[in-house]
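Residue numbers (full-length UniProt numbering): 1 to 877. All C-beta atoms in this analysis are idealised placements derived from N, C-alpha and C, irrespective of residue type, glycine included. Since the structure is predicted, the reported quantities are computational estimates derived from the model, not experimental observations.
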Amino acid sequence: MDAAPRDCSDTSQSPRNDDDVHVYCVPYRWWKEAEESTSGTVSDWKGGILYTASPTSSGPMKIINSIFSSDIAFNLRREDDILQDTQSGEVGISGRDYALVPGEMWLQALKWHSNSKAASKNGRTFLACEDDMSDIYPLQLRLSTPSEDNLLGVRISKKDNATECFRRACKIFSIESEILRIWDFSGQTTQYFLNDIDKGTLYSQMQVEQDILLKLQVYGLSDSCRNEIKKDEMTGQHPNASSLMMNSDSRKFTSSFVQSSSPTFGGNACEAGSLGLTGLQNLGNTCFMNSALQCLGHTPKLVDYFLGDYRREINYENPLGMNGEIASAFGELLKQLWAPGATPVAPRTFKSKLAHFAPQFSGFNQHDSQELLAFLLDGLHEDVNRVKNKPYAEVKDSDGRPDEEVADEYWQNHLARNDSIIVDLCQGQYRSTLVCPLCRKSSITFDPFMYVSLPLPSTSIRTMTVTVMTTDGSSQQSSVTITVPKNGKLEDLNQALGSSCSIGVDETLLVVEVYNNKIIRYLEDPSDSLSLIRDEDRLVAYRLPKDFAKLPLVVFMHQQMEENNFLGKKTTSWKAFGIPLLASCSITNGSDIRALYLKLVDPYLDPADNMIDGYDIDTSTANEGTTELEDTSFPESGEGADTSDKNSLDMHTNTDFNYYRADEKGTGRGSEIEMNEQIACTVLPCRLNVIACWPEKMVERRNTLLLSSLPETYKSGFFSKKPKESVSLYKCLEAFLKEEPLGPEDMWYCPVCKKHCQASKKLDLWRLPEILVIHLKRFSYNRFLKNKLETYVDFPVHDLNLSSYISFKSGDSSNCYMLYAISNHYGSMGGGHYTAFIHHGGTRWFDFDDSHVSPITEDKIKSSAAYLLFYRRVQDV
Numbered sequence: 001m002d003a004a005p006r007d008c009s010d011t012s013q014s015p016r017n018d019d020d021v022h023v024y025c026v027p028y029r030w031w032k033e034a035e036e037s038t039s040g041t042v043s044d045w046k047g048g049i050l051y052t053a054s055p056t057s058s059g060p061m062k063i064i065n066s067i068f069s070s071d072i073a074f075n076l077r078r079e080d081d082i083l084q085d086t087q088s089g090e091v092g093i094s095g096r097d098y099a100l101v102p103g104e105m106w107l108q109a110l111k112w113h114s115n116s117k118a119a120s121k122n123g124r125t126f127l128a129c130e131d132d133m134s135d136i137y138p139l140q141l142r143l144s145t146p147s148e149d150n151l152l153g154v155r156i157s158k159k160d161n162a163t164e165c166f167r168r169a170c171k172i173f174s175i176e177s178e179i180l181r182i183w184d185f186s187g188q189t190t191q192y193f194l195n196d197i198d199k200g201t202l203y204s205q206m207q208v209e210q211d212i213l214l215k216l217q218v219y220g221l222s223d224s225c226r227n228e229i230k231k232d233e234m235t236g237q238h239p240n241a242s243s244l245m246m247n248s249d250s251r252k253f254t255s256s257f258v259q260s261s262s263p264t265f266g267g268n269a270c271e272a273g274s275l276g277l278t279g280l281q282n283l284g285n286t287c288f289m290n291s292a293l294q295c296l297g298h299t300p301k302l303v304d305y306f307l308g309d310y311r312r313e314i315n316y317e318n319p320l321g322m323n324g325e326i327a328s329a330f331g332e333l334l335k336q337l338w339a340p341g342a343t344p345v346a347p348r349t350f351k352s353k354l355a356h357f358a359p360q361f362s363g364f365n366q367h368d369s370q371e372l373l374a375f376l377l378d379g380l381h382e383d384v385n386r387v388k389n390k391p392y393a394e395v396k397d398s399d400g401r402p403d404e405e406v407a408d409e410y411w412q413n414h415l416a417r418n419d420s421i422i423v424d425l426c427q428g429q430y431r432s433t434l435v436c437p438l439c440r441k442s443s444i445t446f447d448p449f450m451y452v453s454l455p456l457p458s459t460s461i462r463t464m465t466v467t468v469m470t471t472d473g474s475s476q477q478s479s480v481t482i483t484v485p486k487n488g489k490l491e492d493l494n495q496a497l498g499s500s501c502s503i504g505v506d507e508t509l510l511v512v513e514v515y516n517n518k519i520i521r522y523l524e525d526p527s528d529s530l531s532l533i534r535d536e537d538r539l540v541a542y543r544l545p546k547d548f549a550k551l552p553l554v555v556f557m558h559q560q561m562e563e564n565n566f567l568g569k570k571t572t573s574w575k576a577f578g579i580p581l582l583a584s585c586s587i588t589n590g591s592d593i594r595a596l597y598l599k600l601v602d603p604y605l606d607p608a609d610n611m612i613d614g615y616d617i618d619t620s621t622a623n624e625g626t627t628e629l630e631d632t633s634f635p636e637s638g639e640g641a642d643t644s645d646k647n648s649l650d651m652h653t654n655t656d657f658n659y660y661r662a663d664e665k666g667t668g669r670g671s672e673i674e675m676n677e678q679i680a681c682t683v684l685p686c687r688l689n690v691i692a693c694w695p696e697k698m699v700e701r702r703n704t705l706l707l708s709s710l711p712e713t714y715k716s717g718f719f720s721k722k723p724k725e726s727v728s729l730y731k732c733l734e735a736f737l738k739e740e741p742l743g744p745e746d747m748w749y750c751p752v753c754k755k756h757c758q759a760s761k762k763l764d765l766w767r768l769p770e771i772l773v774i775h776l777k778r779f780s781y782n783r784f785l786k787n788k789l790e791t792y793v794d795f796p797v798h799d800l801n802l803s804s805y806i807s808f809k810s811g812d813s814s815n816c817y818m819l820y821a822i823s824n825h826y827g828s829m830g831g832g833h834y835t836a837f838i839h840h841g842g843t844r845w846f847d848f849d850d851s852h853v854s855p856i857t858e859d860k861i862k863s864s865a866a867y868l869l870f871y872r873r874v875q876d877v
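What follows is the structure, encoded as structure tokens:
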């Protein structure tokens, strides 16, 4: 400390008095090295107050106290002249000098030492803390005030502490051999030297309570240190940080224990107390938020900023901001995540603030982590925007000027309105070029970006399975697997099916979608996109005559009796089953309906029953059989059947179907179709929907399981895994930078043609940020469906080089990046789970799965679940 100390008794310069103020006791040289090597908030604390330790008594009384009392008792005397030892350079050499620093400053110093250690092993690491938090144990002290104003009494009793803790305290606070000096940079000890009114209050409190009990946590002083840190050891390595944490308010010190978190780590035990390895509790479908917060919570420089004095930059006047509430909630959450010995944090306050300013994230539904990240980065930027009054800047076209000049003009105009830590770290610049297809007029603008959303180029071929049915009763159904263009049309599907099934010149295919044993959609428009068909859909293609539209189309659906048990009572109901059967033929009456249906279900008849069914068909076409069936009703159970004519019932009732008209959707059962009932289909094309009810005898004699066999368009299971598509991250980037026409809804107004046109657009990377966030566009949306791409993206971990993809070559900054965080999404669109992989110290990666944090090897971080990639700039590789 080369500068004169600050008088901490001046309340205008004291730290703000919060309800929870943490003060840490660390070796002075350890603090000094961090203070001298940083240019941020650590070095802003230039002053301090020096206390020296002295025994509480001397002579015979001291001997008596040592015999009858096991307490450590000493006084801390405030020294006014502190420059002599400082200028001599001997402070802290003996290892008997300590510093009291506030919590924020201690975290900054601890991180600097951790980075320094890791840098000696691997120059690419950051925010590493491997062993600074080891050897944690509690300690209690009692404070009292002697008669002199510049003395503070300290007593450490064996009664208050475990034997091992007291033994360690003896080694730390022994004042027999060397002088013990404590520097206070926090200003907290000045509370014992207040004005007369406050001092009288404190004295009266001590008369009642005798002294004040402090519950502390001591960090990092192992038995091997024995309180002696030699000069040569100090130059070779940094000592572990010892810490005495005190919570205080203006009147008294309150007790506080910070328990060490013990996640299930592998490796050495010191990781249990490492900073930053703290999980976030899932409050109910908040994994999307936890994943994004962990990635931001381990972003270099952003963490340093929010663990420091960020409040002085909060812009309360910004109408686009949130009154600093989002920034404050985020900053407080980071302090909890980076607190020493922290347990999993429940981010309720942050979520409450988030829901207040972004109602779309309220409640407990699952959301998109990228959408949350975009909102949070924008909200943090506006809350800490250093620009109080945003000037107006007119946007000018390039008009043939050099791109470098135009880009700098755009960037300076942007910085004139936006200046924050988010802009400093996360914002880059695009070059956007629009070209009119008619007059070739071009417009070039330069726009800022906070993240890059890359499309996922996938293979151009799609595999589909379709069930093919005959309509003449000649055979059972068959499953055909074909390949079609992924972005093809329905006509591509029809052509592939026709080739695979050897469709004749007089045949055609009618493709339908079947759901719940009904046809819900006829795929008749050849220009429809195949993207409307999902993998879980079930498609059926019916082989029909080419001129089938000239005859009625009869669609049969099947129902069978099902028993239900409700409240101990058995009931029966009709339940749909099987694949609808379809045929195109001339129909005049109910007998034609019956004959056609028996013909279509004939392939599913067991061989032993062929003779019986043959008789049924013959008699059904005769007038006698038709007349007899008119008078025969179908009982819903075996009760009530006329046993006097058993053969007649078996022949025509128990071995026949009942037919009912159905509505267009095939859901409602109308009137029963009689055998002599005339069927009129005068208007073509005519679709006649019929429900056939199966008696139990018919169910037993036919293979209903085969009739119900209907595979999905694509089935991905354990034994039939979908081929994993792989694409390079560079290929995604090339697809993003590729020139493409604007959509019809994004027409551009050409100033030369004086009309809107479908211009071509091309994006180029012009200026890259220090922190590059890449969003992989796995989710696609349209009017009909939502889909997630499971494409495996092969992304670089250590050496993402964008030099060949950036249009503006500048020697001021590197275009090489290193991965440090990944937000993963597992599952489908309807449901899923988010986690985060974080690079934390050296070459180590950790899996942050809500409240659970565990190590993971680097070879496991690449998967098809990667959704958001966080890169930081490194030197050219």
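The alpha carbon of residue 789 has as its nearest neighbour, out of 456, 104 and 670, the alpha carbon of 456. Looking at the DSSP output, residue 761 sits in a beta bridge with 434 and 740. Counting only residues of its own chain and dropping the five nearest sequence neighbours on each side, residue 490 has a CB closer than 6 Å to the CB of 523, 526 and 528.
The beta carbon of residue 439 is closer than 8 Å to those of 750, 752 and 753 in its chain, skipping five residues each way along the sequence.
Rounded to the nearest whole angstrom, the CA to CA distance from residue 31 to residue 313 is 26 Å.
Under DSSP, residue 72 takes part in a beta bridge, and its partners are 156.
Nearest in C-alpha terms to residue 53, of all of 140, 183 and 105, is 183. Separation of residue 870 and residue 799 (C-alpha to C-alpha, rounded to the nearest whole angstrom) is 13 Å. In this structure, the beta-carbon distance from residue 290 to residue 850 falls below 8 Å. In this structure, the CA atom of residue 305 is about 43 Å from the CA atom of residue 159.
In this structure, residue 539 keeps its C-beta atom at 8 Å or more from the C-beta atom of residue 445.
Contiguous beta strand (DSSP E) elements confined to the stretch 386-447 occur at 428-435, taking only those with 3 or more residues.
A straight line joining the alpha-carbon of residue 373 with that of residue 427 spans about 14 Å.
Beta-carbon to beta-carbon, residue 503 and residue 509 are separated by about 6 Å, close enough to satisfy the 8 Å threshold. Looking only at 677, 660, 664 and 678, the smallest Cα-Cα distance to residue 670 is reached by 660. For residue 530, there is no enclosing beta strand (DSSP E), as DSSP marks it with neither H nor E. Note: residue 549 is not bridge-paired with any residue in the DSSP secondary-structure output. Sequence-distant partners of residue 779 (beyond 5 residues in either direction) whose C-beta falls short of 6 Å from its own C-beta, in its chain, are 788. When secondary structure is reduced to three states using DSSP, residue 590 falls in the helix class. The continuous alpha helix (DSSP H) containing residue 29 extends over residues 28-37.
Distance between residue 449 and residue 836, taken at the CA atoms: about 23 Å. Here residue 699 carries a helix assignment [DSSP, helix/strand/coil]. The bridge partners DSSP lists for residue 518 are 515. Residue state for residue 79 is assigned as strand, using DSSP reduced to three classes. By the neighbour-count definition (other C-beta atoms within 10 Å, threshold 16), residue 794 is an exposed residue. Across the structure, residue 738 and residue 353 are spaced so that their CA atoms are roughly 40 Å apart. In the structure shown, the three-state DSSP call for residue 494 is helix. Taken through DSSP and simplified to helix, strand or coil, residue 282 comes out as coil. No residue range can be given for residue 314, since it is assigned to no beta strand (DSSP E) and is classified by DSSP as neither H nor E.
Where residue 827 is concerned, the enclosing beta strand (DSSP E) starts and stops at 816-827.
The criterion of a C-beta distance shorter than 8 Å is satisfied by residue 286 and residue 351.
Residue environment analysis places residue 774 among the buried positions, since at least 16 neighbouring C-beta atoms fall within 10 angstroms of its C-beta. Straight-line measurement puts the Cα of residue 349 at about 24 Å from the Cα of residue 420. CA-to-CA, the gap between residue 73 and residue 155 works out to about 4 Å.
Here residue 839 carries a strand assignment [DSSP, helix/strand/coil].
By the Cβ neighbour-count rule, residue 756 is exposed, with fewer than 16 other Cβ atoms within 10 Å of its own.
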